[in-house]
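Remarks on the structure that follows.
Numbering (this note's numbering), first residue to last: 23 to 294.
The following block contains the structure:
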């Protein structure tokens, strides 16, 4: 008579209960509280808050720079993952460990370091000033900071998928007469695209809500280099809690719609 082996993790009902309680306490209840607090405004008042020129300018800046940073990391991160997976060279483990540095480094420290480096008097910024443009205190500086912070998301999502693609598949395609671009398009790209979209979505979402690394290099000039998280802090400093939650709801809704579209695209790609 076979002995029944009890599962290591408790049954479905108990684990589902723990999952729902934890998710509710950490995510759902705080978000619901934000919507409830914003509901104190009438629709006209809510629209006046989110359609203010200062809010619209900060919205365009936050989402625009986050999008550009995610696209840049989508390209550079894929190249880094390719080098780390497909090549062996001295210092490879050191570079692999440095990819996670933005995760370990406090974002405020990263912002101060980037500002000191790319400010008009910094080591790199002074050369940019001589060439006639600025890096710090511009949208370019914000994009640079977001690129630094969100780089690991793309690398760490693409790297394991690329490592699982057998080299023999590429060699077989090459033996059948496929050119390198054709091998990448028909062999590698279908396998990497879902993971790439996941890394892109994570990088974009992190970039939209990033505060610490951006606040120093942005310059925080209203209508120019003021990001939405900073505008929320300004509202809180003015004790305008309802206005701050209204802007938070706006960020949440726009981010959710964009992430939903990315997930739908990812699911459509994964479905044969």
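Even glycine gets a Cβ: it sits at the ideal position worked out from N, Cα and C.
By the Cβ criterion, the segment 131-141 is in contact with the segment 227-245, since at least three pairs of Cβ atoms, one from each stretch, lie closer than 8 Å. 9 Å or more divides the Cβ of residue 225 from the Cβ of residue 86.
When C-beta atoms of the segment 149-166 are compared with those of the segment 191-210, fewer than three pairs fall below 8 Å, so the two segments do not count as touching. Counting only the Cα atoms, residue 84 lies some 24 Å from residue 63.
A distance of 9 Å or more separates the beta carbons of residue 279 and residue 253. Annotation: the continuous alpha helix (DSSP H) that includes residue 202 extends over 202-205.
Taken through DSSP and simplified to helix, strand or coil, residue 75 comes out as helix. By the C-beta criterion, the segment 172-188 is judged not to be in contact with the segment 138-156, since fewer than 3 inter-stretch pairs fall below 8 Å. For residue 134, the secondary structure class from DSSP, reduced to helix, strand or coil, is helix. In terms of Cβ geometry, residue 229 and residue 273 do not form a close pair [threshold 9 Å]. Nearest neighbour of residue 165 by Cα position, chosen from 44, 92, 69, 115, turns out to be 92.
Remark: C-beta atoms of residue 103 and residue 191 do not approach each other more closely than 9 Å.
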